[in-house]
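Numbering (the numbering used here), first residue to last: 12 to 302.
Have a look at the structure below, then the notes.
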């Protein structure tokens with residue numbers, strides 16, 4: 012059971028100018044070092060726009076879940092690497108939509124903005140040591156996610172899981188080809204329930220991915236997605252179930268360099284009514300064949 016917000020003590024500093032302006036005028040602005048921050052401030056008394064030091068907080072899970080944070084920029088200092096979790100940091104903060112700056116290198120951003128449907132602001136964060144990115148911006152049906160900001164700041168070279176990362180983000184349509192998925196093991200439902208997304212998805216090396224089910228599946232009925240999908244895969248891949256299910260406009264090339272390990276191909280094109288392309292899938296291991 013999580014402690015009440017009033018029982019969680021943080022360190023903070025109130026910048027001399029509004030944090031939103033500082034971040035926009037000086038992209039290199041950082042929260043002060045921990046030694047320069049005021050300590051032992053109850054989190055429910057934090058002034059919006061403060062720099063928060065989370066390095067001494069054992070777990071940041073659900074720290075601001077359901078809070079009244081809304082339009083003021085927020086900035087955090089976290090420790091680097093393993094154990095530095097931003098999981099569910101803003102989960103359920105239904106009104107939150109302000110710039111976010113993270114100093115330090117977190118290890119997980121899982122569900123960081125999950126169920127935060129209004130969030131559509133800039134993020135400054137070093138994600139080079141992040142291992143888990145699933146559900147970072149997603150919302151559950153029938154809610155929709157507003158996020159549609161450039162993600163060129165995102166370094167995914169260490170990340171292993173991308174499940175439902177943009178799930179329900181109707182308006183998201185930003186370039187994603189710079190994302191490094193070479194360490195990824197799951198891309199399940201990565202773009203599920205998107206509508207406007209129609210960007211190239213040449214991710215390069217996906218040879219560690221085992222689960223691609225519903226990756227472009229259950230798209231919104233007005234989805235525009237129709238990009239070639241050519242992935243470098245290996246026999247580690249075991250399921251592509253529903254990968255393009257209900258992707259109604261998808262009619263581009265689909266090629267996996269190695270599908271010999273795939274045992275579940277059920278419903279891959281179920282509802283993909285426009286699809287009419289040649290296929291070269293190795294179905295020798297398949298217990299559930301494509302439909």
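Backbone N, C-alpha and C define an ideal beta-carbon position, used for all residues, glycine too.
Cα-Cα, which of 106, 124, 135, 257 is closest to residue 148? 124
When 165, 285, 269, 265 are compared against residue 226, the one with the closest alpha-carbon: 265
Within its chain, find whatever has a CB closer than 6 Å to the CB of residue 161; leave out the 5 residues flanking it on each side and keep chain order. 185
Supposed close pair residue 142, residue 171 - CB separation, criterion 8 Å: 5 Å
State yes or no: is the C-beta of residue 283 within less than 8 Å of the C-beta of residue 255? yes
Is it buried or exposed for residue 222, if we count other Cβ within 10 angstroms and need 16 for buried? buried
DSSP three-state assignment for residue 194, whether helix, strand or coil: coil
If you draw a straight line from the C-alpha of residue 178 to the C-alpha of residue 210, how long is it? 16 Å
Tell me which same chain residues have a C-beta within less than 6 Å of the C-beta of residue 192, skipping the five on either side of it? 214, 217
Could you tell me the distance, in whole angstroms, from the CA atom of residue 169 to the CA atom of residue 198? 14 Å
Nearest to residue 167 by alpha carbon, out of 287, 145, 155, 279? 145
What does residue 273 pair with, by DSSP beta-bridge criteria? DSSP lists no partner for residue 273.
Who does residue 119 pair with in a DSSP beta bridge? 96, 143
C-alpha gap between residue 250 and residue 156, whole angstroms: 27 Å
Rounded to whole angstroms, what's the CA-CA distance from residue 257 to residue 230? Just pull it up for me. 6 Å
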